[in-house]
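Protein chains in written order, with the working numbering: chain A, 704 to 814; chain B, 14 to 127.
Take a look at the structure:
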């Protein structure tokens, strides 16, 4: 499973767009990129998953360039409730869904 | 997505004792995993719970310390045996429906060993 690298922490303000970039230089052909959000005292919550190009849902967008060596999670117009830890993971699609978590990015949204 | 219930949600235990954590899912799932998350840290995979057979453990985790059962496709247990304060952590159950679907997590069991 490819190792992912992302910033340890980020700060933002309410109403801003936040982009969190993740590096996965050794991503395998069958790997998907998956992002999770975790609040204190809760389990991680699935945000978005993609293989390449752009994926958008009601919560976020995920941009993956053609070489797939990085990806960017975009959170539009963040609010205080988006303060959380965000994890970027690569997951093997062909066999099983075992996920290996990196350190994550601690996002703090300020008023 | 599947609804995952973990019991207990928290517990305080004495060293040397054992605690069994239950994970119940409201639908049949293909994959079940157990993770550990120490305070302020990321998640570490303990093992894959295999239905009807022995669990598959990750490096650093052994069956004698963390026995796991998975009698059917909706239920699993993780036991933390002969506990020490170093076992104080949050233990999380996660489930997956198919190979291409994302995993979903329970809210965890917060264990404190005194």
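All residues carry an ideal CB built from backbone N, CA and C; glycine is no exception. Bear in mind the structure is a predicted one, so any value in this text is a computation, not a measurement.
Between residue i and residue j, how many whole angstroms is the CB-CB distance? I'm expecting something under 8 angstroms.
i: residue 778 of chain A; j: residue 720 of chain A; result: 7 angstroms
i: residue 751 of chain A; j: residue 791 of chain A; result: 10 angstroms between Cβ atoms; not a contact.
i: residue 712 of chain A; j: residue 781 of chain A; result: About 14 angstroms; that fails the 8 angstroms criterion.
i: residue 105 of chain B; j: residue 56 of chain B; result: 7 angstroms
i: residue 122 of chain B; j: residue 22 of chain B; result: 6 angstroms
i: residue 28 of chain B; j: residue 126 of chain B; result: 6 angstroms
i: residue 746 of chain A; j: residue 119 of chain B; result: 5 angstroms
In this structure, what does DSSP give as the bridge partners for residue i?
i: residue 92 of chain B; result: B:33
i: residue 722 of chain A; result: A:777
i: residue 62 of chain B; result: B:45
i: residue 24 of chain B; result: B:124
i: residue 792 of chain A; result: A:737
i: residue 808 of chain A; result: A:789
i: residue 7 of chain B; result: Missing from the structure shown is residue 7 of chain B; chain B here goes from 14 to 127 and no further.
i: residue 14 of chain B; result: For residue 14 of chain B, which the question treats as bridged, DSSP gives no partner whatsoever.
i: residue 757 of chain A; result: A:766
i: residue 817 of chain A; result: No answer is possible for residue 817 of chain A: the residues shown for chain A start at 704 and end at 814.
i: residue 714 of chain A; result: A:811
i: residue 81 of chain B; result: B:91
i: residue 56 of chain B; result: B:50
Ignore the nearest five residues each way along the sequence and tell me which others in residue i's own chain have a CB closer than 8 angstroms to its CB.
i: residue 111 of chain B; result: 43
i: residue 710 of chain A; result: 723, 724 and 808
i: residue 15 of chain B; result: 38, 39, 40, 42, 108, 110 and 117
i: residue 765 of chain A; result: 736, 738, 751, 752, 753, 757, 758, 759, 774, 775, 776 and 777
i: residue 805 of chain A; result: 706, 707, 708, 709, 790, 791 and 792
i: residue 87 of chain B; result: 37, 38, 39, 40, 41 and 42
Closest by CA to residue i, which one among the options?
i: residue 768 of chain A; options: A:807, A:759, A:754 and A:761; result: A:754
i: residue 45 of chain B; options: B:80, B:78, B:68 and B:97; result: B:68
i: residue 85 of chain B; options: B:78, B:63, B:48 and B:16; result: B:63
i: residue 733 of chain A; options: A:810, A:806, A:805 and A:793; result: A:793
i: residue 757 of chain A; options: A:805, A:708 and A:776; result: A:776
i: residue 75 of chain B; options: B:60, B:82 and B:66; result: B:60
i: residue 24 of chain B; options: B:48, B:114 and B:103; result: B:103
i: residue 82 of chain B; options: B:71, B:65, B:95 and B:26; result: B:65
i: residue 114 of chain B; options: A:727, A:726 and A:749; result: A:749
i: residue 726 of chain A; options: A:786, A:785 and A:771; result: A:771
i: residue 58 of chain B; options: B:87, B:71 and B:99; result: B:71
i: residue 763 of chain A; options: A:747, A:785, A:744 and A:743; result: A:785
i: residue 96 of chain B; options: B:124, B:119 and B:49; result: B:124
Spatial neighbours of residue i within its chain, please: C-beta separation below 7 angstroms, excluding the five flanking residues on both sides.
i: residue 783 of chain A; result: 717, 812 and 814
i: residue 760 of chain A; result: 751
i: residue 51 of chain B; result: 102
Go through its chain and collect everything with a Cβ distance to residue i's Cβ below 6 angstroms, but skip five positions before and after it.
i: residue 798 of chain A; result: Low confidence applies here, because residue 798 of chain A scores a pLDDT of 45, under 50, leaving its location unreliable and the question unanswered by this model.
i: residue 788 of chain A; result: 741, 807 and 809
i: residue 98 of chain B; result: 126
i: residue 78 of chain B; result: 94
i: residue 20 of chain B; result: 35
i: residue 80 of chain B; result: 92
i: residue 49 of chain B; result: 57, 59, 102 and 104
Using a threshold of 7 angstroms, is the CB atom of residue i nearer than that to any non-hydrogen atom of the ligand COA?
i: residue 725 of chain A; result: With respect to the ligand COA, the structure offers nothing, as it holds no ligand at all.
Which bits of chain D does residue i rub up against, with CB to CB less than 7 angstroms?
i: residue 766 of chain A; result: Judged by its chain identifiers, the structure shown contains no chain D, and its protein chains are A and B.
Do the stretch 17-35 of chain B and the stretch 81-100 of chain B make contact, defined as three or more Cβ pairs closer than 8 angstroms? Of all C-beta pairs linking the stretch 17-35 of chain B to the stretch 81-100 of chain B, three or more are shorter than 8 angstroms, placing the two stretches in contact.
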